[in-house]
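Just so we're aligned: 158 in the UniProt record's numbering is position 158 of the sequence shown, and the numbers increase by one with no gaps anywhere. Data first, discussion second: the structure below is written as structure tokens.
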Amino acid sequence: PPPAKYGGRHTVTLIPGDGIGPELMLHVKEVFRHACVPVDFEEVRVSAEAPEADLDSAITAIRRNGVALKGNIETNHNLPPSHKSRNNLIRTRLDLYANVIHCRSLPGVETRHRDVDILMVRENTEGEYSSLEHESVAGVVESLKIITAGRSRRIAHYAFRLARAAGRRSVTAVHKANIMKLGDGLFLKCCQEVAAEYPEINFSSMIVDNTTMQLVSRPQQFDVMVLPNLYGNVVNNVCAGLVGGPGLVPGANYG
């Protein structure tokens, strides 16, 4: 975490966002106040249709403070393709390359499966979410999926370092290299190479469609998972559903 200011207090950027976001953040501030948490919030406004100036102000504040708490920023699908998702722009401009969520069973929350405890590490800056699309001819759209060795190794190292720090025993790389032999094949190869540097941690790989089936059948077999961007987005939500829904699953983006 960034160093505290005089008196041990921290300044945190607060982005209320859209929809339910401002209401949630209001309650967060109340909880922090009653718990006497040594945090001062610097509030900045970013919405789905925020101009570039608002986005620039938010990114400047996050860089200055080193940490941010963000509410929901909606994605307006009625805007033209040139209007990029504000969530995606924040992630890419700050190079928040690792999205980490912790799916675990909670006392008092009745679900089909018990004893679920999975750390999910999602690559956050490339893959299908590179926002590179074009209509080559009328009625034909090409979407580019970007996978690089550097960023694949970076997210793999993050997953293994997290596993080591958390006392976890295994890491599973999720892929579709049987079909996307070059792109996902590169991601898998990088994960295998990085795994060799952490011999105390068991490494395995699993095709993404089998992963979703295994999650809803026997989620207890998973410990730490590392996934490319799109698969991570989908599988994260499957896993969240196993433990009660996304509102019960903490997550953060790290850069």
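Don't be surprised by glycine CBs; every beta carbon is placed ideally from N, CA and C.
Go to residue i, then tell me how far its alpha helix (DSSP H) extends in each direction, as first and last residue.
i: D184; result: 183-195
Which of helix, strand or coil does DSSP assign to residue i?
i: T92; result: helix
i: H27; result: helix
i: F32; result: helix
i: R161; result: helix
i: I254; result: Sequence check: residue 254 is Tyr here, not Ile. Looking at Y254 - three-state DSSP - the assignment turns out to be strand.
i: S47; result: coil
i: I155; result: helix
i: I20; result: coil
i: I62; result: helix
i: G247; result: helix
i: N87; result: helix
i: E52; result: helix
Can you give the beta carbon distance from residue i to residue j, rounded, assuming they're within the 8 Å contact cut?
i: V67; j: F41; result: That pair is no contact at about 11 Å.
i: L119; j: H102; result: 6 Å
i: N72; j: G19; result: 5 Å
i: E23; j: A48; result: 17 Å between Cβ atoms; not a contact.
i: A98; j: N253; result: 7 Å
i: V224; j: V121; result: 7 Å
i: L69; j: L14; result: 5 Å
i: V243; j: R91; result: The Cβ separation is near 24 Å, so there is no contact.
i: H157; j: I207; result: So it is not a contact: roughly 23 Å between Cβ atoms.
i: S170; j: S217; result: So it is not a contact: roughly 18 Å between Cβ atoms.
i: Y129; j: L230; result: 7 Å
i: I59; j: L94; result: 6 Å
i: residue 256; j: I201; result: Because the chain here runs from 1 to 255, residue 256 falls outside it and cannot be looked at.
i: A159; j: L186; result: With a Cβ gap of about 16 Å, A159 and L186 do not count as contacting.
Could you pull the DSSP bridge partners for residue i from this structure?
i: S57; result: In DSSP, S57 forms no bridge with anything.
i: T11; result: D40
i: S143; result: E133
i: G127; result: I146
i: L119; result: H102, V224
Strictly under 8 Å for the Cβ-Cβ distance: is residue i near chain D by that measure?
i: V216; result: The question asks about chain D, but that chain is absent: this structure has only one protein chain.
I'd like the span of the beta strand (DSSP E) that includes residue i, first residue to last.
i: V171; result: 170-175
i: N99; result: 98-104
i: L69; result: 68-70
i: L242; result: It is not in any beta strand (DSSP E) - L242 instead sits in the alpha helix (DSSP H) that spans 229-242.
i: E110; result: No beta strand (DSSP E) contains E110, which DSSP labels as neither H nor E.
Ranges of the alpha helix (DSSP H) found wholly within the stretch 196-220, counting only runs of at least 4: 208-217
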